[in-house]
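Notes for the one structure printed next.
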Amino acid sequence: MARLTQRQIQNYQQDGFIIVREMFSSEETASLYQIAVSDQEISKHSYDLNDSTGKKTKLALWFTPGDDTYGLLTRTEKIVNAVNQLLEGESEVCHFHSKLMQKEPHVGGAWEWHQDYGYWYKNGFLYPDQMISVMLALTEATIENGCLQVIPGSHKLGRVEHAFSGEQNGADMRFVNESLKTSELVYVTLKPGDVLFFHSNLLHRSNSNDSDYARWSLISAYNRSANIPFNEKSTSCITPLKVVADTAPWHDAPTGKSASADFLIKDQDVTLKNF
């Protein structure tokens, strides 16, 4: 199977992100989207996360990748091999968590400037270079419906201090504003099936969805097994993945999440502040 090129790896190291276009076909992505919109367990375990203006983004988050279509997709060879090429370290690739982001038309909220490691640092992970986020666009991501915005190279700043804005953990805007003086702001527009790989310290945000079209995406976080956190209850993040063939998610009838999946519950003692 195809692997990332040396140029793609160099671009990731330089910019903190790369986009792989058409990593999944339009048919595969449409199938996953149809599963997601009709998935009763996803609906039952989705919660609203408010931005600073009170607008809401809906998401469902789980830890262990199962044998459902989402879980198989996050364990495919092409995803895991790409992650393995991009992460520092030599230990095995593990799945920290996945979340289905549901930014609905006109009501979907913004995300403040932040680094994913701004959250994960509080879970006790020591090495941000051994963590990565992978976002698969299930619908088109445009400027109008609130696509991701990134600051290339901002992952080299290291961890920036974060404080709460609404129910979100936002980066210190002094660092953001200084970064924007020397780096361009990039709008990450995606077609369904495109995949964005981005470093855990990359500064990113998104606007609210003011369009007539939903923006849905599946975002999975990965970690090296040697990067053992001291403040994290789930062991998924240090459990080596059982990799499956790229055809595995589509081999049998598509399936959604099971009732036994280990979803994050918004009001449980492990709060969203850690994610």
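So my numbering is basically just the index in the sequence shown, starting at one, shifted up by 13.
No residue lacks a Cβ here, since even glycine has one placed at the ideal position from N, Cα and C.
1) Can you tell me whether Leu198 is buried or exposed, with buried defined as 16 or more other CB within 10 angstroms of its CB?
2) Where do the N-terminal and C-terminal ends of the alpha helix (DSSP H) with Ile58 fall, by residue?
3) Going by beta carbon distance, what residues of the same chain come within less than 6 Å of Phe37, once the five residues before and after it are set aside?
4) For the alpha helix (DSSP H) holding Ile92, just list the boundary residues, first then last.
5) Taking contact to mean 3 or more Cβ pairs, one atom from each stretch, closer than 8 Å, check whether the segment 105–123 and the segment 208–225 are in contact.
6) Ser196 and Ile145: beta carbons closer than 7 Å?
7) Within 8 Å, do at least three Cβ pairs link the segment 207–220 to the segment 127–141?
8) For Met114, which residues does DSSP report across the bridge?
9) Evaluate Asp282 with the Cβ neighbour count: other Cβ atoms within 10 Å of its Cβ, from every protein chain shown; 16 or more gives buried, anything less gives exposed.
10) Residues bridged to Pro253 by DSSP?
11) What whole-angstrom Cβ distance do Ala371 and Thr152 have, given they're in contact under 8 Å?
12) Out of Met186, Lys69, Asn240, Gly102, state which residue places its alpha-carbon closest to the alpha-carbon of Phe138.
13) Look up Gly183 in the DSSP assignment and give the residues it is bridged to.
14) Please identify the residue among Ser51, Leu203, Val208, Gln53 whose C-alpha is closest to the C-alpha of Cys160.
15) Quick one: any contact between the segment 51–61 and the segment 230–239, if contact means 3 or more CB pairs under 8 Å?
16) Express the C-alpha separation of His264 and Val189 in angstroms, rounding to a whole number.
17) Measure the C-alpha to C-alpha separation of Glu41 and His175 and round it to an integer number of angstroms.
18) Ile156: buried (16+ other C-beta within 10 angstroms of its C-beta) or exposed?
19) To the nearest angstrom, how far is it from the Cα of Val208 to the Cα of Gly84?
20) With distance defined between alpha-carbon atoms, name the residue in Pro267, Met186, Asp81 nearest to Ser273.
21) By how many angstroms is the C-alpha of Thr70 removed from the C-alpha of Gly269?
22) Does DSSP classify Glu125 as helix, strand or coil?
23) When the Cα of Arg172 is compared with those of Asn24, Ala184, Gly67, which residue comes out closest?
24) On the criterion of 16 or more Cβ atoms from any shown chain inside 10 Å, does Phe109 qualify as buried, or is it exposed?
25) Which word fits Arg88, buried or exposed, when buried means at least 16 other C-beta atoms lie within 10 angstroms of its C-beta?
26) Contact check, Phe210 vs Tyr25 under 8 Å by CB: the rounded distance?
27) If the criterion is Cβ atoms closer than 7 Å, does the pair Ser39 and Pro267 meet it?
Let me spell this out:
1) Looking at its Cβ environment, which holds fewer than 16 other Cβ atoms inside 10 Å, Leu198 is exposed.
2) In the sequence as displayed, the identity of residue 58 is His instead of Ile. Where His58 is concerned, the enclosing alpha helix (DSSP H) stretches over 53–58.
3) Spatial neighbours of Phe37 in its own chain (CB-CB distance under 6 Å, excluding positions within 5 residues in sequence) are listed in chain order as Gly206.
4) Counted as a single uninterrupted DSSP element, the alpha helix (DSSP H) harbouring Ile92 occupies residues 90–99.
5) Counting Cβ pairs under 8 Å, three or more are found: they touch.
6) No, they are not a contact pair.
7) Result yes; three or more Cβ-Cβ pairs closer than 8 Å.
8) Assignment of beta-bridge partners to Met114 by DSSP yields Leu72, Ser230.
9) Any reading at Asp282 must be qualified, since the residue scores a pLDDT of 37, below 50, and its modelled position is unreliable; the value itself is stated next. Exposed, by the Cβ-count rule.
10) Paired residue(s): Cys107.
11) This structure does not reach residue 371, given that the chain is present from 14 up to 288, and the question cannot be answered.
12) The residue with the shortest Cα to Cα distance from Phe138 is Asn240.
13) Checking the DSSP bridge columns, you'll see Gly183 partnered with Ala176.
14) With distances taken between CA atoms, Cys160 lies nearest to Leu203 out of Ser51, Leu203, Val208, Gln53.
15) Segments in contact, no.
16) Their Cα atoms are separated by approximately 44 Å.
17) Cα-Cα distance, rounded: 37 Å.
18) Ile156 is exposed by the Cβ-count criterion.
19) Pairing Val208 with Gly84, the inter-Cα distance amounts to about 16 Å.
20) The residue among Pro267, Met186, Asp81 with its C-alpha nearest the C-alpha of Ser273 is Asp81.
21) Distance between the alpha carbons of Gly269 and Thr70 is about 21 Å.
22) Strand at Glu125.
23) For the residues Asn24, Ala184, Gly67, the minimum Cα distance to Arg172 belongs to Ala184.
24) Phe109 is buried by the Cβ-count criterion.
25) Answer is buried; the Cβ neighbour count reaches 16.
26) Confirmed, about 7 Å.
27) No, they are not a contact pair.
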